[in-house]
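Just add 3 to wherever you are in the sequence shown, counting from 1, and you've got UniProt numbering. Have a look at the structure below, then the notes.
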Amino acid sequence: PLRLGVLTGGGDCPGLNALIRGLVKRGSHEFGHEFVGIENGYMGLVEPNLTRPLSEADTRGILPKGGTILGTSNKADPFIYPVKENGQWVEKDLSDQVLRRAEELKLDGLIAIGGDGTLTIGHMLSKKGLRVVGCPKTIDNDLSGTDQTFGFDTARGICTEAIDRLHSTAESHDRVMVVEIMGRNAGFLTLDSGIAGGADVILIPEIPYRVEPIVEKIRRRATRKRSFSIIAIAEGAYPVGGTLAVVEKAHEIPGRGVVRLGGAGKVCADLLASHIEAEIRVTVLGHLQRGGTPSAADRVLATLYGCKVLDLVRDGQWDHMVALRNGKIVTASLSESRKERRVDPTGETVRFAKSMGISFGD
Ligand code: F6P
């Protein structure tokens with residue numbers, strides 16, 4: 004039996020606890036492994052006193068819970084770790100400290116659950132000699148090396164329900180509803196929930212939009228006595244000639260860096276306002292999309308990931324991660340997660356959506 008550290012890094016997503024539970028249950032039952040919970044992502048391997056026991060008893064009742072019982076952080080990259088020196092914040096490479104800490108904790112290996120950033124750090128630590136296996140997660144579904152990430156299905160369901168709810172109020176008031184959906188630089192969530200929720204316009208980062216086709220779509224609907232419209236827009240979508248910076252600037256919180264959420268919807272609404280008479284309202288779904296109980300599909304995928312990761316540990320497949328390919332849980336190199344996946348603008352989903360009359364603003 005081994006002693007394994009477990010951490011969750013990056014933004015949380017529904018299904019993390021299901022994964023932790025699956026991992027600890029199989030690990031204890033079948034292999035007799037011992038688990039050490041590392042709190043707040045890699046921060047727990049840099050700072051002292053951020054570990055906790057992670058026995059089967061500690062995972063009781065967590066399956067339907069959103070978030071992560073281990074806590075997470077997306078500002079804890081040990082290779083560029085913020086440290087205060089002479090009153091100033093500077094970034095330091097503390098990766099050697101992580102290796103030492105893992106030794107002190109007597110870890111035989113580390114299970115890193117996270118998105119792009121967390122898995123990349125895992126790969127870099129592997130190269131320095133730490134034994135790491137990874138589990139991909141993100142609601143954005145933008146990780147290469149795996150067909151689908153858990154968290155995505157739940158978020159897609161939440162967005163779809165939100166669009167459904169916006170429909171009835173949009174129709175009652177004859178309004179144009181702009182609903183902004185997460186996804187970082189990828190449009191998967193917006194595309195799927197836009198289709199599932201029956202959006203009239205879908206705007207994604209992969210297809211910079213023009214305002215004219217959107218206006219035309221809204222007008223065409225009005226001539227068919229559909230005087231309301233739903234525009235599903237990804238947080239990273241921007242107009243032709245613009246860049247992501249335009250969207251980010253629109254919702255800056257002074258002194259806190261760039262917080263992109265809220266920008267894309269506002270930029271789009273402002274552009275539309277000078278072209279159409281109808282009232283426009285913007286809804287930013289924000290972190291609602293990441294919270295709450297995971298869907299059944301995400302619970303299953305996450306649980307299977309948690310179980311599968313122990314095969315990698317058993318087989319000494321360090322520097323690898325679990326992945327979903329063609330409906331099967333397989334293994335992939337950790338370095339494969341480093342490429343960002345995007346919606347294919349010429350792919351079948353976009354083509355069929357367009358063929359039904361959904362506008363992508365292009
Ligand atoms: O990657 C997940 C995600 O929710 C993105 O969709 C979004 O851009 C980002 O995280 C939001 O990050 P934060 O929680 O730090 O505001």
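Glycine included, C-beta positions come from ideal geometry on N, C-alpha and C.
Quick one: grab the DSSP three-state call for residue i.
i         : result
Y308      : helix
residue 3 : Only positions 4 to 365 of the chain appear in this structure, which leaves residue 3 out of reach.
G160      : helix
V208      : The sequence shown places Pro at residue 208, rather than the Val named in the question. Residue state, collapsed to three classes: coil.
E17       : The residue asked about is misnamed: residue 17 is Pro in this sequence, not Glu. In this structure, P17 counts as coil in the three-state DSSP scheme.
I361      : coil
I234      : strand
G25       : helix
L192      : helix
R284      : strand
K87       : strand
I279      : coil
L7        : strand
V303      : helix
G266      : helix
G30       : helix
P216      : helix
V243      : coil
Based on Cα-Cα distance, which residue from the options lies nearest to residue i?
i    : options                : result
F38  : T286, Y45, I221, L5    : L5
C162 : G201, H176, A79, R178  : G201
T149 : K87, D314, D99, Y308   : Y308
H32  : E339, V270, S58        : S58
D177 : G69, Q91, I233, Q292   : I233
R293 : K68, V270, L122, L10   : K68
G35  : N43, A21, L7           : L7
V303 : L108, L327, D314       : L327
A240 : E351, E219, L313, D365 : D365
Count the other CB atoms within 10 Å of the CB of residue i; is the residue buried (16 or more) or exposed (fewer)?
i           : result
F153        : buried
residue 378 : The requested residue 378 does not occur in the structure, where the chain is confined to residues 4 to 365.
A248        : exposed
E343        : exposed
V93         : exposed
N329        : exposed
V86         : exposed
residue 370 : The shown model of the chain, from 4 to 365, leaves out residue 370, and the question about it has no answer.
A276        : exposed
S171        : exposed
N52         : exposed
A60         : exposed
Identify, in the order they occur along the chain, each residue of the same chain with its Cβ nearer than 7 angstroms to the Cβ of residue i, setting aside the five sequence neighbours on each side.
i           : result
V287        : E183, L264, G265, G268
G289        : L264
residue 420 : Past the edges of the chain, shown from 4 to 365, lies residue 420, and the structure says nothing about it.
Y84         : V49, E94, K95, L97
L169        : M180, V182, I233, T286
Can you list, in chain order, the residues of its chain with a C-beta nearer than 6 angstroms to that of residue i? Leave out the 5 residues immediately preceding and following it.
i    : result
P242 : Y212
P81  : Y45, V49, L97, S98, V101
Kindly list the residues whose CB is nearer than 8 angstroms to the CB of residue i, restricted to its own chain and excluding five residues on each side of it in sequence; keep chain order.
i    : result
S230 : D177, R224, A281
Requested in this report: Just list the beta strand (DSSP E) runs in the stretch 90-149, keeping only unbroken ones of 3 residues or longer that don't cross its boundaries, in chain order.
Outcome: 91-95, 112-117, 135-139
**Report entry** Continuous beta strand (DSSP E) assignments of at least 3 residues falling wholly in the stretch 307-338
**Finding:** 323-328, 331-336
Requested in this report: Counting only runs of 4+ residues fully inside the stretch 53-77, write out the alpha helix (DSSP H) ranges in chain order.
Outcome: none
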